Amino acid sequence: MKRRDALTLLGLGSLALAGLPRLGGNTPRKGRVVIVGGGVGGATLAKYLRLLDPGLHVTLVERNPIYIRPYGSTEVLTGHITMKDLDVTYDALHETYGVEVLIDAAVGLDPVKKLLRTAGKKELPYDRLVVSPGIQLDYGAIPGYSAQVAETRIPSGWIPGAQTALLAKQLQAMRPGGLFVLVAPPNPYRCPPGPYERAALVTEWLQRHNPTAKVIVADPKDAFVTDETMLLGWNRLYRYNPPDDYAKKLAAKVEVKRHSEGGPITWIRAKDGGKVKRLEAGSLQIHTEGGVLKADVVNVVPPMKAATLAFDLGLTDAAGWCPVDRRTFKSTKVPDVHVIGDSCIADAMPKSGFSANSQAKVAARAIVEELAGRPVPEPVWENTCYALAGMHYGLFVADVFRLVDGKIARTNGPDRYLPLDASPAQIRLGARYQQAWLRTFTQDVFE
Ligand SMILES: Cc1cc2nc3c(=O)[nH]c(=O)nc-3n(C[C@H](O)[C@H](O)[C@H](O)COP(=O)(O)OP(=O)(O)OC[C@H]3O[C@@H](n4cnc5c(N)ncnc54)[C@H](O)[C@@H]3O)c2cc1C
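Numbering (our numbering), first residue to last: 137 to 583.
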């Protein structure tokens with residue numbers, strides 16, 4: 137789509153370039169903030185900057201006119217929602233909060249003149265630039281995998297879009313009794329419980345539509361956040377027998393059934409040979425350290441690093457993520473640039489939408505205070521990752537974070553998870569909270 141068409145589609149047209157309605161009437165402009173990336177981090181920041189200080193001029197640069205939300209996108213695979221349900225517009229950011237929305241791709245910056253350059257040949261001056269470009273998927277890290285294979289044969293969909301739709305089609309057309317393999321990523325990655333929730337929802341769907349089919353999670357790790365509550369859910373819903381060490385840990389707190397015959401889902405950890413060495417796209421063979429899996433449908437969640445733009449702007453470190461001052465999320469690499477969301481290094485905070493939203497609110501406050509010459513207050517962040525072991529089986533991990541010795545540290549106690557002895561009603565409620573969160577979260581970020 138041409139840029140002019142995209143602006144027209146947003147109802148912005150020349151208005152977007154000429155200046156926009158603002159909160160607070162004719163409040164004088166007190167600074168110019170340019171934000172790149174209209175995903176969770178960038179959209180939250182744009183909205184909350186305008187709420188905190190209606191005098192700020194806020195421009196959001198986003199390359200796509202519609203945001204396809206990643207959170208909740210697994211439900212497309214099982215037909216619970218459609219691709220269309222993932223679409224979010226920037227209308228409210230513009231119309232309600234007076235954010236200038238520019239549909240264009242950022243390509244570079246001049247840190248001395250403080251200008252952001254776009255593919256549409258614009259040079260946007262800023263007092264502060266905030267970058268929240270998300271992740272890129274490192275397809276090439278798994279031999280045999282590539283962006284081209286992901287688009288045509290073995291989708292990932294961890295950045296949702298056409299690959300999500302392809303995976304849904306493949307799953308729904310899988311032969312009776314077929315094998316679905318999910319290749320899990322190494323740490324750190326976007327949405328820590330996400331791959332296991334995906335495996336669970338696919339298993340639940342297959343039980344109903346393809347009851348002899350099987351699901352295998354091939355994992356380069358030995359553990360994951362929410363593992364105990366998720367594996368207990370699988371035990372109850374899918375006759376899953378947890379590995380002995382997990383079974384022992386769980387049995388100390390709750391009854392775990394030992395099923396004489398294992399169910400449809402299997403988790404192969406690194407220590408059991410789950411790490412994938414290479415893929416054969418043509419034959420759908422997955423070579424793991426423990427042997428070869430011959431699959432019918434494969435979903436790969438590859439290793440990740442900060443989005444390409446973060447590299448292009450010189451914001452990344454040797455590990456491929458963006459180091460920041462934790463109090464303000466100011467880049468330690470480029471002055472007057474902040475990085476939030478999945479791209480930044482935030483220590484104990486997971487790479488999640490909830491975290492990106494919490495970081496955006498803290499960064500918005502820091503920017504407003506600094507531009508006004510006031511001290512930045514002591515930050516507090518939160519994260520809750522809700523996850524489903526089945527559509528009516530909800531669980532979560534919930535944390536509060538503060539600065540400890542310059543790093544972001546978890547400061548709540550050990551009771552972070554749905555209790556293992558939660559009642560059936562609490563578990564059902566957990567699933568309701570997850571669905572409610574998807575709705576209210578989108579409202580908080582974009583509306
Ligand atoms: C299957 C799945 C389930 C998930 N479930 C949850 C959940 O339950 N809870 C939760 O908290 N999180 C969840 N997440 C994670 C969550 O979606 C991400 O952590 C969150 O979107 C990160 O926000 P962000 O702003 O860093 O990046 P994004 O939301 O990805 O936004 C980045 C934006 O930057 C834009 N961009 C990139 N480069 C440029 C450029 N050069 N110029 C202009 N624009 C650019 C992109 O187009 C994109 O719109 C899930 C993710 C997946 C994949």
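C-beta atoms are modelled at their ideal positions from N, C-alpha and C, and glycine is treated no differently. Predicted model only: the values in this text are computed from it and were never measured.
According to DSSP, is His528 part of a helix, a strand, or is it coil? Counted from its first residue, the sequence shown places residue 528 at position 392. Reduced to three states, the DSSP call for His528 is coil.
Going by the DSSP bridge assignment, what does Cys458 pair with across the sheet? For the purposes of this step, residue 458 is taken as residue 322 along the sequence shown, with counting starting at 1. DSSP lists Cys480 as partners of Cys458.
Could you work out which residue in Ser494, Phe577 and Asp557 is closest to Phe537 when comparing CA atoms only? Against the sequence shown, residue 537 aligns to sequence position 401. Considering only alpha carbons, the answer is Ser494.
Does the distance from the C-beta atom of Gly177 to that of Gly549 stay below 7 Å? Numbered from 1 along the sequence shown, position 41 holds the residue referred to as residue 177. Numbered from 1 along the sequence shown, position 413 holds the residue referred to as residue 549. No; because the gap between Cβ atoms is not below 7 Å, this pair is not in contact.
Mind reading off the beta-carbon distance from Lys350 to Pro400? Whole number of angstroms is fine, and I expect it under 8 Å. Taking the first residue of the sequence shown as 1, we reach residue 350 at position 214. Taking the first residue of the sequence shown as 1, we reach residue 400 at position 264. The Cβ separation is near 5 Å, so the contact holds.
Identify, in the order they occur along the chain, each residue of the same chain with its Cβ nearer than 8 Å to the Cβ of Thr218, setting aside the five sequence neighbours on each side. For the purposes of this step, residue 218 is taken as the residue at position 82 of the sequence shown. Closer than 8 Å at Cβ, skipping near neighbours: Val212.
Three-state secondary structure (DSSP) at Asp189? Counted from its first residue, the sequence shown places residue 189 at position 53. Coil.
Just to confirm, are Val516 and Val267 a CB contact at a threshold of 7 Å? Sequence index remark: in the sequence shown, residue 516 carries index 380 (1-based). Sequence index remark: in the sequence shown, residue 267 carries index 131 (1-based). No, these two residues do not count as a Cβ contact at 7 Å.
Residues near Arg405 by beta carbon distance below 6 Å, same chain, minus five either side: For this step, residue 405 is matched to residue 269 along the sequence shown. Counting only Cβ-Cβ distances below 6 Å, and skipping sequence neighbours, we find Asp355 and Asp358.
What residue does the alpha helix (DSSP H) around Gly426 start on, and which one ends it? The sequence position of residue 426 within the sequence shown is 290, counting from 1. Run containing Gly426: none; DSSP gives neither H nor E here.
Grab the span of the beta strand (DSSP E) containing Arg414 for me, first residue to last. Position 278 of the sequence shown holds residue 414. Looking at the DSSP string, the run of the beta strand (DSSP E) that includes Arg414 is Val412 to Glu416.
Exposed or buried, Ala142, counting other C-beta atoms within 10 Å across all chains shown (16 or more means buried)? Position 6 of the sequence shown, counting from 1, holds the residue named residue 142. Low confidence applies here, because Ala142 scores a pLDDT of 41, under 50, leaving its location unreliable; read the following figure in that light. Burial call: buried.
Contact under 7 Å by Cβ, Val224 with Phe582: To locate residue 224, count along the sequence shown from 1; it is residue 88. To locate residue 582, count along the sequence shown from 1; it is residue 446. Yes. Within cutoff.
Around the C-beta of Pro331, are 16 or more other C-beta atoms found within 10 angstroms, so that it is buried, or is it exposed? Within the sequence shown, residue 331 is the residue found at index 195, counting from 1. Classification for Pro331: buried.
Bridge partners for Ala446 per DSSP, in chain order? In the sequence shown, counting from the first residue as 1, residue 446 sits at position 310. Within the DSSP secondary-structure output, Ala446 pairs in no beta bridge.
From Pro322 to Ala561, what distance separates their C-alpha atoms? What you label residue 322 is simply residue 186 of the sequence shown in a count that begins at 1. What you label residue 561 is simply residue 425 of the sequence shown in a count that begins at 1. Rounded to the nearest angstrom, the two C-alpha atoms are 34 Å apart.
Measuring alpha carbon to alpha carbon, tell me which residue in Trp573, Ala442 and Arg372 is nearest Leu556. To locate residue 556, count along the sequence shown from 1; it is residue 420. Cα-wise, what sits closest to Leu556 is Arg372.
Helix, strand or coil for Leu337? Go by DSSP, reduced to three states. Counting from one through the sequence shown, the residue named residue 337 turns up at place 201. Correct three-state label for Leu337: helix.
Apply the 10 Å Cβ neighbour rule to Trp573 and answer buried if 16 or more other Cβ atoms are within range, or exposed otherwise. Translated into the one-based positions of the sequence shown, residue 573 becomes position 437. Under this definition Trp573 is a buried residue.
Could you check if Ser467 belongs to the surroundings of ligand 1, using beta carbon to heavy atom distance under 6 Å? Position 331 of the sequence shown holds residue 467. Result no, Cβ not under 6 Å from ligand 1.
Every unbroken beta strand (DSSP E) inside the stretch 334-389 [3 residues or more]: 350-354
Starting from Ala545, follow the beta strand (DSSP E) in both directions and report where the run begins and ends. For the purposes of this step, residue 545 is identified with residue 409 of the sequence shown, where counting begins at 1. Lys543 to Arg546 is the span of the beta strand (DSSP E), which, as asked, contains Ala545.
Less than 6 Å between the CB of Trp403 and some heavy atom of ligand 1, yes or no? Looking up residue 403 in the sequence shown gives position 267. In this structure, Trp403 has its CB at a distance of at least 6 Å from all heavy atoms of ligand 1.
Can you tell me which of Val412, Asn377, Lys487 and Lys384 puts its alpha carbon nearest to the alpha carbon of Glu397? One-based indexing of the sequence shown puts residue 397 at position 261. Taking only the C-alpha atoms, the option nearest Glu397 is Asn377.
Outcome for Leu600 when other beta-carbon atoms lying within 10 angstroms are tallied against a minimum of 16: This structure cannot speak to residue 600, because the chain is shown only from 137 to 583.
Kindly indicate the opening and closing residues of the alpha helix (DSSP H) around Arg568. Translated into the one-based positions of the sequence shown, residue 568 becomes position 432. Start and end: Pro560 to Phe582.
Just to check, is the beta-carbon of Cys327 closer than 6 Å to a non-hydrogen atom of ligand 1? Working through the sequence shown from its first residue, we reach residue 327 at position 191. Yes, ligand 1 has a heavy atom inside 6 Å of this Cβ.
Give me the Cα-Cα distance between Ala309 and Leu429, rounded to the nearest whole angstrom. Your numbering for residue 309 matches position 173 in the sequence shown. Your numbering for residue 429 matches position 293 in the sequence shown. Distance between the alpha carbons of Ala309 and Leu429 is about 19 Å.
Taking 6 Å as the cut-off, is the C-beta of Glu287 nearer than that to any heavy atom in ligand 1? Taking the sequence shown and counting its residues from 1, one reaches residue 287 at position 151. Not under cutoff, so the answer is no.
In this structure, what does DSSP give as the bridge partners for Asn200? Position 64 of the sequence shown, counted from the start, is the residue given in the question as residue 200. Per DSSP, none; premise fails for Asn200.
Note down, in chain order, each residue of its chain lying with its Cβ closer than 6 Å to the Cβ of Leu507, except the 5 sequence neighbours on either side. Within the sequence shown, residue 507 is the residue found at index 371, counting from 1. Once the five neighbours on either side are set aside, the close Cβ partners of Leu507 are Gly167.
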